[in-house]
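This report refers to the structure that appears directly beneath it.
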Amino acid sequence: MCLAIPAKVLEVSGDTAIVDFGGVKREICIALLENVKPGDYVLVHTGFAIQVIDEEEAMETLRLWEELLSSQQVEV
Amino acid sequence: MELEKVLRGYRSAELAKKVVEHINALAKEVEEANIVHVCGTHEYTIVKSGIRSLLPPNVEVRSGPGCPVCVCPPSDIDAAIELAFRPNVVVTTFGDMYRVPSTKYSLAEAAAKGASVRVVYGIGDAVELAKKMPDKEVVHFAIGFETTAPSTAYVLSADPPPNFSIVPSHRLIPPAIEHLLNLGEARIDGFILPGHVSTIIGAKPYRPISQKYRVPQVIAGFEPLDVLIGVAMLLQQVVEGRSEVEIEYTRSVREEGNVRAQQFMEKIFEPVEAGWRGIGKIPKSGYRLRSGYEQYNAISRFEVEVDESAPDTKPGCRCGEILRGLCYPQDCPLFGKICTPRSPWGPCMVSSEGACFIAYRYGKSVKL
Ligand code: SF4
Chain A
12 MCLAIPAKVL EVSGDTAIVD FGGVKREICI ALLENVKPGD YVLVHTGFAI
62 QVIDEEEAME TLRLWEELLS SQQVEV
Chain B
53 MELEKVLRGY RSAELAKKVV EHINALAKEV EEANIVHVCG THEYTIVKSG
103 IRSLLPPNVE VRSGPGCPVC VCPPSDIDAA IELAFRPNVV VTTFGDMYRV
153 PSTKYSLAEA AAKGASVRVV YGIGDAVELA KKMPDKEVVH FAIGFETTAP
203 STAYVLSADP PPNFSIVPSH RLIPPAIEHL LNLGEARIDG FILPGHVSTI
253 IGAKPYRPIS QKYRVPQVIA GFEPLDVLIG VAMLLQQVVE GRSEVEIEYT
303 RSVREEGNVR AQQFMEKIFE PVEAGWRGIG KIPKSGYRLR SGYEQYNAIS
353 RFEVEVDESA PDTKPGCRCG EILRGLCYPQ DCPLFGKICT PRSPWGPCMV
403 SSEGACFIAY RYGKSVKL
């Protein structure tokens, strides 16, 4: 029920957008977000975009964990 | 940057192995850690990727009341069924709810007996249906946690057609977490918090709970690595004696959440005490429509009598205990015997987010 799937925004028009779920295109509602732009990745739940995915944060979190775990292995 | 490339990093088996080693090292510093998650999608990730079998014996991850379909009280399902039998009414529901057994039967069985029920992907489809059928009343069965409630709030704020209304049955996660802690039935050393509920509400609403009950909480995403890192972050807090709310799911969850979505919810709904199937009443854990929007409440519009005295589950079903983190699906003697996804005896065997369904379909939910 709380599943939300990432999709790439292709076109924006008012409160709706056309998005691409890995090849499947659909119209969704973007009224719950401000400033959605083509090229953004959004999380879509029951036809509504609920957040813009922050790819840089995602990479940063991974990088921090990679770093933390490799430094710990050196300590051991 | 292509998102797929980023997400591949979260599926890295190599990094997962290192995180498991890290978890093992941390676990040596604690006597025992009982972690509870509150999201059906987390249960799916945990079972599907065998996370329980990767954890050391003194670290457990149990599922809590994280399946909206499972916790929806039978009295609400009965109300939706009664409406669906009214001559001029069409009830729309999410697919997950369609086959959930209520006191007498499910919406699916009601449809087989002639009730008008349509499965929709989202509330937007229900509104479209109302526009296409102006001579019918379309009633949407509005269930779901904070992830789903903003879509309902948006639709009601955007002047829906006059023949559209809802059975309001949304539920809120932070009060349920607090309730589990108050019940004190299960030892809880930390919570893995739901990523998409928290995408909407942010980290803030959980902070008073961590302070009051001295319990660590981590908001985690849904890849196997997200859950493993979540467990590691919780153990780290336990080891250091901290009880904070931390965010692992940084690609989607911001401290303040989705403020615009919160504004829609705030405008349309106000929190009220609400019943949770198998758990009981929880203060301020449901939503009622604010005055000015009460006309969209199908229960009052069609004068439906809601009988809250109906029993929650059928005899023998242990769904309530599973939802309170007290046992695993395999502890239920009916699991896989009388109760299967084909003929579910209890609500946890129906939804793709129900712990019993997931355990039956994808593997052993018990740690080996
Ligand atoms: S296996 Fe079926 S009867 Fe047993 S707890 Fe789960 S849903 Fe209830």
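If you read the sequences in order, they're chains A and B.
Taking my numbering, I'd label the letters of the first sequence as residues 12 to 87.
Taking my numbering, I'd label the letters of the second sequence as residues 53 to 420.
Cβ atoms here follow ideal geometry from the backbone N, Cα and C, with glycine treated the same way.
This structure is a prediction, so every number in the text was calculated from the model and none was measured.
Asked: Selection of the segment 77-102 of chain B by Cβ proximity to chain A, strictly under 7 Å; Found: Cys91, Gly92 and Thr93
Asked: Residue burial classification, B/Gln347 (beta-carbon count within 10 angstroms, cutoff 16); Found: exposed
Asked: Within chain A, partners of B/Ile403 - CB distance below 8 Å; Found: The sequence given here places Ser at residue 403 of chain B; Ile does not occur at that position. Chain A residues near B/Ser403: Met12.
Asked: Expected contact under 8 Å - CB spacing of A/Ala60 and A/Leu43 to nearest Å; Found: 7 Å
Asked: Residue from B/Asn349, B/Glu275, B/Gly368 and B/Val191 with nearest C-alpha to B/Glu56; Found: B/Glu275
Asked: Cβ distance (whole Å) where B/Ser168 is taken to contact B/Val142 below 8 Å; Found: 4 Å
Asked: Meets three-Cβ-pair contact criterion under 8 Å: the segment 100-113 of chain B and the segment 126-135 of chain B; Found: no
Asked: Local conformation of B/Ser158 per DSSP, three classes; Found: coil
Asked: When B/Asn86, B/Leu233 and B/Val219 are compared against B/Glu357, the one with the closest alpha-carbon; Found: B/Val219
Asked: Meets three-Cβ-pair contact criterion under 8 Å: the segment 192-202 of chain B and the segment 230-238 of chain B; Found: no
Asked: Under the three-state DSSP convention, the category B/Arg29 falls into; Found: What is shown of chain B runs 53 to 420, which leaves residue 29 of chain B out entirely.
Asked: Exposed unless 16 or more other CB atoms sit within 10 angstroms - verdict on A/Lys19; Found: buried
Asked: The segment 28-61 of chain A: positions lying closer than 7 Å to chain B by Cβ; Found: Cys40, Ala42, Leu43, Leu44, Glu45, Tyr52, Leu54, His56, Thr57, Gly58, Phe59 and Ile61
Asked: Within 5 Å of the ligand SF4: residues by beta-carbon to any heavy atom; Found: B/Cys369, B/Arg370, B/Cys371, B/Cys384, B/Leu386, B/Phe387, B/Cys391, B/Trp397, B/Gly398, B/Cys400, B/Met401 and B/Cys408
Asked: Contact with chain A by B/Arg303, beta-carbon distance below 9 Å; Found: yes
Asked: B/Phe39, DSSP secondary structure in three states; Found: Any answer about residue 39 of chain B is impossible in this case: the structure gives chain B only from 53 up to 420.
Asked: Residue range of the unbroken alpha helix (DSSP H) whose run includes B/Glu134; Found: Pro126 to Phe137
Asked: Same chain, Cβ closer than 7 Å to B/Pro120, five either side skipped, listed in chain order; Found: Ile195, Gly196, Phe197 and Arg223
Asked: Per-residue contacts from A/Glu77 into chain B (C-beta, under 7 Å); Found: Leu67
Asked: Residue burial classification, A/Leu21 (beta-carbon count within 10 angstroms, cutoff 16); Found: exposed
Asked: For B/Thr204, the residue or residues it bridges with in DSSP; Found: In DSSP, B/Thr204 forms no bridge with anything.
Asked: Residue span of the alpha helix (DSSP H) that contains B/Ala210, given as start and end; Found: Here B/Ala210 belongs to no alpha helix (DSSP H), and DSSP marks it neither H nor E.
Asked: Per-residue burial, B/Glu300 [other beta carbons within 10 Å of its own, 16 or more giving buried]; Found: buried
Asked: Segment limits, alpha helix (DSSP H) that includes B/Tyr414; Found: Ala407 to Tyr414
Asked: Per DSSP, the bridge partner or partners of B/Thr144; Found: B/Arg170 and B/His192
Asked: Inter-stretch contact (C-beta, 8 Å, three-pair minimum) for the segment 357-371 of chain B and the segment 393-401 of chain B; Found: yes
Asked: Cβ-based burial, B/Arg376 [other Cβ within 10 Å; buried from 16]; Found: buried
Asked: Min CB distance B/His74 to chain A below 9 Å; Found: yes
Asked: Residues bridged to B/Asn349 (per DSSP); Found: B/Ile218
Asked: Residue-chain proximity (B/Thr155, chain A), Cβ-Cβ < 9 Å; Found: no
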